[in-house]
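Asks:
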Amino acid sequence: MTWEKEAKEINEKRNFADQMGGKEAVELQYKKGRLPIRERINRILDNKSFNEIGKSAGFSEYNDNGSLKKFTPGNFILGFGKINKRPVVIGGEDFSLKGGSPNAAGLRKSIYTEELALKYKVPLIRLHEGAGGSVGGTNQEKSNRPTSDAVYTPSRFISLANTLGEVPVATAALGPVAGLPASRLVASHFSVMTESSLVLIAGPKVVKRALNIDVTKEALGGPEVHLKSGVINNFAKTEDDAFEQIKTFLSFVPDNAWTFPDSISTNDKEDRCDDLLIDIIPKDRRRPYSVRKIITSLLDINDDQSTFFEIGKKYGPSLVTGLGRLNGQSVGVIANDCMFYAGAMTTSASKKLERFSDFCNSFHIPIISLVDEPGFMIGPESEKSGTIRFGTAAISAIMQSRVPWASVHMHKSFGVAATAHYGPDSFTLLWPSALSGALPVEGGVAVAFSKEIARAKNPEKKQKELEDQLDQRQSPIPRAEGFSAHDLIDPRETRPRLISWLELALKAYRLKSPKPYLVTMRP
10 MTWEKEAKEI
20 NEKRNFADQM
30 GGKEAVELQY
40 KKGRLPIRER
50 INRILDNKSF
60 NEIGKSAGFS
70 EYNDNGSLKK
80 FTPGNFILGF
90 GKINKRPVVI
100 GGEDFSLKGG
110 SPNAAGLRKS
120 IYTEELALKY
130 KVPLIRLHEG
140 AGGSVGGTNQ
150 EKSNRPTSDA
160 VYTPSRFISL
170 ANTLGEVPVA
180 TAALGPVAGL
190 PASRLVASHF
200 SVMTESSLVL
210 IAGPKVVKRA
220 LNIDVTKEAL
230 GGPEVHLKSG
240 VINNFAKTED
250 DAFEQIKTFL
260 SFVPDNAWTF
270 PDSISTNDKE
280 DRCDDLLIDI
290 IPKDRRRPYS
300 VRKIITSLLD
310 INDDQSTFFE
320 IGKKYGPSLV
330 TGLGRLNGQS
340 VGVIANDCMF
350 YAGAMTTSAS
360 KKLERFSDFC
370 NSFHIPIISL
380 VDEPGFMIGP
390 ESEKSGTIRF
400 GTAAISAIMQ
410 SRVPWASVHM
420 HKSFGVAATA
430 HYGPDSFTLL
440 WPSALSGALP
450 VEGGVAVAFS
460 KEIARAKNPE
470 KKQKELEDQL
480 DQRQSPIPRA
490 EGFSAHDLID
500 PRETRPRLIS
510 WLELALKAYR
520 LKSPKPYLVT
530 MRP
């Protein structure tokens, strides 16, 4: 007696699983310009590194003689793999089966992805294209009865939440994503969305029935909506572009919260001083400049390619956030963008800053802040959106930061909002163009000396005189002379000064064993 019959059935089930939703359903994916899930997994992973788990999970139908007639696999595929030789857990919905709406086995496998990443302490990647549960539930296969979890069963969302504090999570929306998959999509540190993808709580038909609003799928949850809403971080033109962005993101982070990010070799010079920086900040305060040019100038440039990887460009655009390399080390970068609201701290920018700071602290990534902060955004819309509360929450996040911080005060640093750009023990460098105070001179003088200006024979001349007087008080020179910053420097020296600081800061920070990041309640 052998187990040949059973082994044959195992292989038959595997063959059925490889067919996914069938040839026609898979071909339809290609016609839509989207890849089937198995091909997606194989494209993002190192060649032949995918080790699938649960391939035999699903629903079997047998002939009267007991032989396998049909097998419907779980429509979520997961397993282990490698990206640039690093182990990861990866999973995604099979849209060719029920449009990715989970069957019983698919739901269990999708929930298990987080458990698997937590158990083995490796990064988690989810490639999403699918809907949430259907009205009929997940257990609709023949001879099954609907069941629910026992009252003592832990919530499926516990592991979802725990992954964010323990392992890097990167996700992609590669088609329509709704319901539970949409919730899983945003429960990540980095998310990317392709041109043909959608992210929805519910589709247009449900919206029409519930709210009597006619709206297209694209207007409801297309890329233009969610890149600005903050639901998704980045945009990708193609699926391959999305995969490359996930790979780039993973290159900056460690495997888990108990390890430090790897350093990489760089052919950039430690002592590189860029002449661009000596005049990039205009002496005319009203003239804009490109802060991204400054970021590129300071960070490593390898083989003529910038190492800066921006995250969330269209959300809270007055604040730039991203990852980069400084002398081979991973760093997080925050910088005001004067092109939007003069760089002012809006509600969305505040939320963006808080989240990015927590991410860097979770995975031991030092932060470099390039400061040009005019203050909190003012006006009716700013008040309605609760800017002061969310701005103060961002400040609280910064004050709870544990990673090394360096702040380069380039231009404006005004009001309470400026506090969000300096860590608890920030290494602070001043540029000659740095200005600081409670309010910008122009607006502050008009308010504080309104009566004196009004009484003057020439109000405009008087206001200019007062502005010139107060301008001297906002100069960086008194701050440097009073040792209120670590140094006043030639802007061209910034990169070597930051590298010198980072080497010492990391050596001290890494004397302690790495562990997950915990915070208290915030405003």
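Each residue of the sequence shown is one higher than the last, beginning at 10 in the numbering used here.
Ideal placement from N, C-alpha and C gives every residue a C-beta, glycine not left out.
1. Jot down the residue ranges of each uninterrupted alpha helix (DSSP H) in the stretch 359-440, minimum 4 residues, whole runs only, in chain order.
2. Note down, in chain order, each residue of its chain lying with its Cβ closer than 8 Å to the Cβ of Gly337, except the 5 sequence neighbours on either side.
3. Considering only residues of the same chain and omitting the five flanking positions on each side of Leu125, which have a CB-CB separation below 6 Å?
4. Classify Ile304 as helix, strand or coil using the three-state DSSP reduction.
5. Across which residues does DSSP place Tyr324 in a beta bridge pair?
6. If you follow the beta strand (DSSP E) that His137 is part of, which residue opens it and which one closes it?
7. How many Å lie between His4 and His420 at the Cα?
8. Under the three-state reduction of DSSP, which class applies to Arg95: helix, strand or coil?
9. Quick check: the stretch 84-96 against the stretch 246-261, are at least 3 beta-carbon pairs closer than 8 Å?
10. Leaving out five residues on either side along the sequence, give the residues of the same chain with a beta carbon under 6 Å from the beta carbon of Thr316.
11. Whole-angstrom Cβ separation of Gly115 and Gly83, contact assumed at under 8 Å?
12. May I have a chain-ordered list of the beta strand (DSSP E) segments no shorter than 3 residues that lie completely inside the stretch 167-226?
13. Hey, Glu253 and Pro232: beta-carbon distance below 9 Å or not?
14. To the nearest angstrom, how far is the alpha carbon of Ser69 from that of Glu21?
15. Sort Leu438, Lys524, Leu194, Ala251 by Cα distance to Asp499 and report the nearest one.
16. Tell me the DSSP bridge mates of Thr330?
17. Identify, in the order they occur along the chain, each residue of the same chain with its Cβ nearer than 8 Å to the Cβ of Leu127, setting aside the five sequence neighbours on each side.
18. Are Ile210 and Tyr121 close, meaning C-beta to C-beta below 9 Å?
19. Whose C-beta lies closer than 7 Å to the C-beta of Thr11 among residues of the same chain, with five residues either side of it excluded?
20. Apply the 10 Å Cβ neighbour rule to Arg43 and answer buried if 16 or more other Cβ atoms are within range, or exposed otherwise.
21. What distance in whole Å lies between the Cβ atoms of Ala415 and Trp510, which are believed to be in contact at a cut-off of 8 Å?
22. Going by DSSP, which residues form a beta bridge with Leu116?
23. Since Ile46 contacts Glu102 with CB under 8 Å, what's their CB separation in whole angstroms?
24. Any idea what DSSP makes of Glu21, helix, strand or coil?
25. If you follow the beta strand (DSSP E) that Ala245 is part of, which residue opens it and which one closes it?
Replies: The short version:
1. Listed in chain order, the alpha helix (DSSP H) runs fully inside the stretch 359-440 are 389-393, 396-408, counting runs of at least 4 residues.
2. The answer, listed in chain order, is Ser272, Ile273, Ser274, Thr275, Asp309.
3. The residues are Val98.
4. In the three-state reduction of the DSSP assignment, Ile304 falls in the helix class, which pools H, G and I.
5. Tyr324 pairs with nothing; no bridge assigned.
6. Boundaries of the beta strand (DSSP E) harbouring His137: 133-139, taken from the DSSP string.
7. The question about residue 4 has no answer here: the residues shown for the chain are numbered 10 through 532.
8. The three-state reading of DSSP puts Arg95 in strand, counting E and B together.
9. Yes: at least three Cβ pairs fall under 8 Å.
10. Leu308, Asp309, Gly333, Arg334.
11. Contact between Gly115 and Gly83 holds, with the beta-carbon distance rounding to 4 Å and staying under 8 Å.
12. Within the stretch 167-226, the complete beta strand (DSSP E) runs of at least 3 residues are 178-187, 199-203, 207-209.
13. Cβ atoms of Glu253 and Pro232: not closer than 9 Å.
14. Answer to the nearest angstrom: the Cα atoms are 11 Å apart.
15. The option with the nearest alpha carbon to Asp499 is Leu438.
16. Partner(s): Ile343.
17. Apart from sequence neighbours up to five positions away, the residues of its chain that approach Leu127 with a beta-carbon distance below 8 Å are Ser168, Asn171, Thr172, Glu175, Val176, ordered along the chain.
18. No, the pair does not count as a contact, with Cβ atoms beyond the cut-off.
19. Excluding sequence neighbours, Thr11 sits near nothing in its chain.
20. Its Cβ being crowded by 16 or more others within 10 Å, Arg43 is buried.
21. Yes, Trp510 and Ala415 are in contact; Cβ-Cβ is about 6 Å, under 8 Å.
22. Note: Leu116 sits in no beta bridge, so no partner.
23. Between Glu102 and Ile46 the Cβ distance is about 7 Å, and since that is below 8 Å, they are a contact.
24. Here Glu21 sits in helix by DSSP.
25. Residues 243-245.
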